[in-house]
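Worksheet: the structure to be examined is printed underneath.
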Amino acid sequence: MQSQAPQYEGRHTWHLINDPQARYQELGPDWHHKHLNPQRRTRDLVRQLEHLGHTVTLAPTAA
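The opening position of the sequence shown corresponds to residue 30 in the numbering used here, with each subsequent residue numbered one higher.
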């Protein structure tokens, strides 16, 4: 029976160690910032607040 990757942030390391074909590629310090989807982040945060019992109303800020 093959072991599975741990369910935490170390799973990337697990795959690099256990897969001889896996290669590490540095994505750069701003990768997460550049790939952040503001609409998705807003939706996720609204859902979290609603799940906690809050009613959420959003209004755009003045530029």
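Ideal placement from N, C-alpha and C gives every residue a C-beta, glycine not left out.
State the Cα-Cα distance for the pair residue i and residue j, rounded to the nearest angstrom.
| i | j | result |
| --- | --- | --- |
| Val-85 | His-64 | 25 Å |
| Arg-69 | Asn-47 | 33 Å |
| Arg-76 | His-83 | 9 Å |
| Trp-60 | Asn-66 | 12 Å |
| Ala-91 | His-62 | 23 Å |
Identify which residue in the options has its Cα closest to the Cα of residue i.
| i | options | result |
| --- | --- | --- |
| Arg-52 | Pro-58, Arg-72, Asp-59 and Trp-43 | Trp-43 |
Take the Cβ of residue i as the centre, count every other Cβ of all protein chains shown within 10 Å, and call the residue buried at 16 or more, exposed below.
| i | result |
| --- | --- |
| Ala-88 | exposed |
| His-80 | exposed |
Problem - Length-filtered (4 minimum) alpha helix (DSSP H) runs lying within the segment 65–89 - result: 67–80
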